[in-house]
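Trainee: Dumping the structure here so I can ask a few things about it.
Residue numbers (the numbering used here): 3 to 91.
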């Protein structure tokens with residue numbers, strides 16, 4: 003697992019009803035054998051697929067929900083959820 007050190011770079015915002023949002027995109031670029039140094043070689047498709055197994059992006063998502071039938075401080079329910087998004091299905 004690789005963690006991003008600078009947390010300012012990975013904050014994400016937004017939901018279905020905001021006009022301000024951000025996202026995170028992970029991009030893999032396949033090996034180009036014409037750009038390798040002498041002695042290097044590209045991995046096979048099978049080796050790449052094997053490496054991708056059991057790789058996830060793990061997020062900690064903070065959320066506040068408004069509960070209309072509750073009163074005072076119980077109207078806002080805050081929770082944190084850890085989610086795992088697989089890189090390869």
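Quick reminder that beta carbons are idealized off the backbone N, C-alpha and C, glycines included. A quick note: this is a predicted structure, and the numbers were derived from the prediction, not measured.
Determine the extent of the beta strand (DSSP E) in which residue 67 is found, giving its start and end residues.
Mentor: Taking the chain shown and counting its residues from 1, one reaches residue 67 at position 65. That run of the beta strand (DSSP E) goes 58 to 68.
Trainee: Tell me which same chain residues have a C-beta within less than 8 Å of the C-beta of residue 51, skipping the five on either side of it?
Mentor: Your numbering for residue 51 matches position 49 in the chain shown. Around residue 51, the same chain offers 90 as residues with beta carbons nearer than 8 Å, after the five sequence neighbours per side are excluded.
Trainee: Is it true that the region 81 to 90 meets the region 51 to 61, where meeting means three or more beta-carbon pairs spaced less than 8 Å apart?
Mentor: By the Cβ rule, the region 81 to 90 counts as touching the region 51 to 61, because three or more pairs are nearer than 8 Å.
Trainee: Spatial neighbours of residue 55 within its chain, please: CB distance less than 7 Å, with the 5 preceding and 5 following residues excluded, ordered by chain position.
Mentor: Translated into positions along the chain shown, residue 55 becomes position 53. Contacts found: 90.
Trainee: Return the Cβ separation of residue 81 and residue 65 in integer angstroms, given the expectation that the two are a contact with Cβ distance under 8 Å.
Mentor: Translated into positions along the chain shown, residue 81 becomes position 79. Translated into positions along the chain shown, residue 65 becomes position 63. The Cβ separation is near 6 Å, so the contact holds.
Trainee: In this structure, does DSSP put residue 81 in helix, strand or coil?
Mentor: As a first step, residue 81 is located in the chain shown; it is residue number 79 there, counting from the start. Three-state result, residue 81: strand.
Trainee: For residue 57, which residues in the same chain have their Cβ closer than 6 Å to its Cβ, ignoring the five residues on either side in sequence?
Mentor: Within the chain shown, residue 57 is the residue found at index 55, counting from 1. Contacts found: 89.
Trainee: Between residue 33 and the rest of its own chain, which residues show a CB-CB distance below 6 Å, the 5 nearest in sequence each way excluded?
Mentor: In the chain shown, residue 33 corresponds to position 31, counting from 1. Result list for residue 33: 44, in chain order.
Trainee: Which same chain residues, not among the five before or five after residue 71, have their C-beta less than 8 Å away from its C-beta?
Mentor: Here residue 71 refers to the residue found at position 69 of the chain shown. Around residue 71: no qualifying Cβ.
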